[in-house]
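Participant: Below is one structure. I have some questions about it.
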């Protein structure tokens, strides 16, 4: 038999190996002399916790005493160091570190980042989620590393990394091809400026940075903005002609949330095609002044399903989005609502015909009157409706990969059965009904 795979050129073999999990990619180096440097030249280095041979799973890890966790962290450090020292490639497409690491391991982390930079890294991800009740500070990105340069860096993702607005601005100014920036849980981030036509950034994600006071975005060709926070961060946005996708979530129960958000986005409303908002804490305004969203095609709303004026909120958005084609409603139920809301039986709302909406997706559906009312209101008013999707999984609370508790699974089963037995019979035959 002829080994045709091993006869392929080195660059093709390295490309193939780079698509394997790290442990499997490195393991190929023992196949033969021909493969010795191939596996060690992989362009994808993902040091995920789940790939760490001694580290079985997160829940097992968190139950261990402090001494065990510290030893596991050093074992992880040694594993990464071993692979990095053995690496034979000259170019890295992706370098990912994901483990409970903090300021104690700064020296090793700095060396890894420098290694990645020297190998022309394109995607750098540092995910240092903290240990439960940790007493150590987050790893802080060293200013010295910025002087080396990230000439090829296209994607930067930071989670639980000590980074300031000044450091991020240096990244944006000194990374000529950096298009994607994502920052999550950065305690030191207070003010961020994304300003200047020379910045290549297209996608910006800022999440749960508790001390963040303001984000200024001006004179850039940004396409997508995602902001999720717990306080009233001031969004200062101007001259962003390409901004077409916006997500804003503020977990602070502002009853004037809708007015504030549309004011902050006023300069780009005419170009937005995808809009995702968490309005579950917003109060209905008797005299709403929602601006026209002429280009909006996809609208996603997280709502308080049993807020008594929920359908009035929905009508306002339908009126403001005449060319909307897809609507996603995430239904949240509350036993006792925030002070700005009245929870209970929802009011009927006037008819609000919509001529372009084709697909409606109801996420987090429950066998509750409010959920049924939302569905029936849309069936009655969406003239061009082609498809309705019922998904009982609350994806905003339990994203993919997160285990849902048994109580939640029971509710999902009941909701799914209710949708099939009760709702499906009320859906017009011309409308496709899908229950996930």
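In UniProt numbering, the protein residues as written are 1 to 436.
Built from N, CA and C at the ideal position, the CB exists for glycine as well.
(1) Considering only C-alpha positions, which residue in the set 116, 397, 164 and 150 is nearest to residue 138?
(2) Check each candidate in 377, 360 and 74 and name the one with the smallest Cα separation from residue 353.
(3) Where does residue 207 fall in DSSP's three states?
(4) Quick one: complete beta strand (DSSP E) runs, 3+ long, within the stretch 247–325?
(5) Within the chosen definition, does the stretch 345–352 reach the stretch 300–311 through at least 3 CB pairs nearer than 8 Å?
(6) Would you kindly check if the distance between the Cβ of residue 233 and the Cβ of residue 249 is under 8 Å?
(7) In the DSSP assignment, the beta strand (DSSP E) including residue 100 goes from what residue to what residue?
(8) With distances taken from CA atoms, which of 357, 313 and 202 is nearest residue 326?
(9) Output needed for residue 155: all residues of its chain with C-beta closer than 6 Å, excluding positions within five of it in sequence on either side, in chain order.
(10) Measuring alpha carbon to alpha carbon, tell me which residue in 198, 115, 303 and 313 is nearest residue 437.
(11) Can you name the start and end residues of the alpha helix (DSSP H) that residue 110 belongs to?
(12) Given that a residue counts as buried once 16 or more other Cβ atoms are within 10 Å of its Cβ, and exposed if not, what is residue 196?
(13) With a cut-off of 8 Å, do at least 3 Cβ pairs link the stretch 112–123 to the stretch 86–100?
(14) Straight-line CA distance for residue 429 to residue 410?
(15) Can you give me the Cβ contacts of residue 209 inside the same chain, cut-off strictly under 6 Å, excluding the 5 residues immediately before and after it?
(16) For residue 408, which of helix, strand or coil comes out of DSSP?
(17) In this structure, does DSSP put residue 170 in helix, strand or coil?
(18) Between which two residues does the alpha helix (DSSP H) harbouring residue 215 extend?
(19) Is the beta carbon of residue 412 less than 8 Å from the beta carbon of residue 393?
(20) Roughly how many angstroms lie between the CA atoms of residue 59 and residue 98, to the nearest whole one?
(21) Please confirm whether residue 299 and residue 275 have their CB atoms less than 8 Å apart.
(22) Could you say if the stretch 395–409 and the stretch 367–385 meet the contact criterion of at least three C-beta pairs nearer than 8 Å?
(23) From the DSSP output, in three-state form, read off residue 143 for me.
(24) Using the C-alpha atoms, what's the distance from residue 414 back to residue 421?
(25) How about residue 363 and residue 391: are their beta carbons less than 8 Å apart?
(26) For residue 432, which option in 47, 360 and 386 has the closest C-alpha, if you only look at C-alpha atoms?
(27) Whose CA, out of 127, 162 and 117, lies closest to the CA of residue 152?
(28) In three-state terms, what does DSSP make of residue 182?
(29) In terms of residues, what are the limits of the beta strand (DSSP E) holding residue 387?
(30) So residue 292 and residue 272 are in contact, right, with Cβ under 8 Å, and what is the actual spacing, rounded?
(31) I think residue 170 touches residue 192, with their Cβ atoms under 8 Å apart; what is that distance to the nearest whole Å?
(32) Enumerate in chain order the residues of its own chain whose CB-to-CB distance from residue 245 is below 6 Å, with the five nearest sequence positions on each side excluded.
(33) Given a cut-off of 8 Å, decide if residue 158 and residue 183 are closer than it, judged by their beta-carbon atoms.
(34) For residue 237, which beta-bridge partners are listed by DSSP?
(35) Within the continuous beta strand (DSSP E) that includes residue 333, where are the two ends?
(36) Per DSSP, what are the beta-bridge partners of residue 354 in this structure?
Facilitator: Taking the coordinates as given:
(1) For the purposes of this step, residue 138 is taken as residue 138 along the chain shown, with counting starting at 1. Among 116, 397, 164 and 150, the Cα nearest to that of residue 138 belongs to 164.
(2) For this step, residue 353 is matched to residue 353 along the chain shown. Residue 353 has its Cα closest to that of 377, out of 377, 360 and 74.
(3) The sequence position of residue 207 within the chain shown is 207, counting from 1. DSSP places residue 207 in strand when its eight states are reduced to three.
(4) As far as the stretch 247–325 is concerned, its whole beta strand (DSSP E) runs of at least 3 residues are 274–278 and 298–304.
(5) Here the stretch 345–352 lies against the stretch 300–311, with 3 or more beta-carbon pairs under 8 Å apart.
(6) By one-based count along the chain shown, residue 249 stands at place 249. By one-based count along the chain shown, residue 233 stands at place 233. Contact: no.
(7) For the purposes of this step, residue 100 is taken as the residue at position 100 of the chain shown. Residue 100 -> no beta strand (DSSP E), and no H or E assigned at all.
(8) Taking the first residue of the chain shown as position 1, residue 326 is located at position 326. Measuring from the Cα of residue 326, the nearest candidate turns out to be 357.
(9) For the purposes of this step, residue 155 is identified with residue 155 of the chain shown, where counting begins at 1. If we look at residue 155 and ignore the five residues flanking it on each side, its Cβ neighbours are 123 and 180.
(10) Since the first residue shown for the chain is 1 and the last is 436, residue 437 is missing from the structure and cannot be characterised.
(11) Looking up residue 110 in the chain shown gives position 110. 106–118 is the extent of the alpha helix (DSSP H) around residue 110.
(12) The residue labelled residue 196 in the question sits at position 196 within the chain shown. Classification for residue 196: exposed.
(13) yes
(14) In the chain shown, the residue the question calls residue 429 occupies position 429. In the chain shown, the residue the question calls residue 410 occupies position 410. Cα to Cα, residue 429 sits roughly 30 Å from residue 410.
(15) By one-based count along the chain shown, residue 209 stands at place 209. Counting only Cβ-Cβ distances below 6 Å, and skipping sequence neighbours, we find 186 and 189.
(16) Taking the first residue of the chain shown as 1, we reach residue 408 at position 408. Helix, per DSSP.
(17) Stepping through the chain shown from its first residue, residue 170 is reached at position 170. Here residue 170 sits in helix by DSSP.
(18) As a first step, residue 215 is located in the chain shown; it is residue number 215 there, counting from the start. From DSSP, residue 215 is part of no alpha helix (DSSP H) but of the beta strand (DSSP E) over 214–218.
(19) Translated into positions along the chain shown, residue 412 becomes position 412. Translated into positions along the chain shown, residue 393 becomes position 393. Result yes, Cβ atoms of residue 412 and residue 393 sit closer than 8 Å.
(20) Start at 1 with the first residue of the chain shown, and residue 59 comes out as number 59. Start at 1 with the first residue of the chain shown, and residue 98 comes out as number 98. Its pLDDT being 46, under 50, residue 59 is placed unreliably by the model, and the measurement read from it follows with that caveat. One C-alpha to the other measures close to 15 Å.
(21) Here residue 299 refers to the residue found at position 299 when the chain shown is read from its first residue. Here residue 275 refers to the residue found at position 275 when the chain shown is read from its first residue. Going by C-beta atoms, residue 299 is nearer than 8 Å to residue 275.
(22) Taking a contact to require three or more Cβ pairs closer than 8 Å, the stretch 395–409 and the stretch 367–385 do not qualify as touching.
(23) Along the chain shown, read from residue 1 onward, the residue named residue 143 stands at position 143. Three-state result, residue 143: helix.
(24) Sequence index remark: in the chain shown, residue 421 carries index 421 (1-based). Sequence index remark: in the chain shown, residue 414 carries index 414 (1-based). So the two alpha carbons sit approximately 10 Å from each other.
(25) As a first step, residue 363 is located in the chain shown; it is residue number 363 there, counting from the start. As a first step, residue 391 is located in the chain shown; it is residue number 391 there, counting from the start. Cβ atoms of residue 363 and residue 391: closer than 8 Å.
(26) Taking the chain shown and counting its residues from 1, the one referred to as residue 432 is at position 432. The shortest C-alpha separation from residue 432 is found at 386.
(27) As a first step, residue 152 must be located in the chain shown, where it is residue number 152. Comparing Cα positions, the closest option is 117.
(28) The residue labelled residue 182 in the question sits at position 182 within the chain shown. Reduced to three states, the DSSP call for residue 182 is strand.
(29) On the chain shown, residue 387 is found 387 positions in, with the first residue counted as 1. 387–391 is the span of the beta strand (DSSP E), which, as asked, contains residue 387.
(30) Counting from 1 along the chain shown, the entry for residue 292 is found at position 292. Counting from 1 along the chain shown, the entry for residue 272 is found at position 272. That pair is no contact at about 11 Å.
(31) For the purposes of this step, residue 170 is taken as the residue at position 170 of the chain shown. For the purposes of this step, residue 192 is taken as the residue at position 192 of the chain shown. In fact, because the Cβ distance is near 12 Å, the residues do not count as touching under 8 Å.
(32) As a working note, residue 245 is residue 245 in the chain shown. Excluding residues within five positions, the ones whose Cβ falls inside 6 Å are 224 and 274.
(33) Taking the chain shown and counting its residues from 1, one reaches residue 183 at position 183. Taking the chain shown and counting its residues from 1, one reaches residue 158 at position 158. The answer is yes: Cβ separation under 8 Å.
(34) Counted from its first residue, the chain shown places residue 237 at position 237. Partner(s): 217.
(35) Position 333 of the chain shown holds residue 333. Segment: none, residue 333 is in no beta strand (DSSP E) and carries neither H nor E.
(36) The sequence position of residue 354 within the chain shown is 354, counting from 1. 382, per the DSSP bridge assignment.
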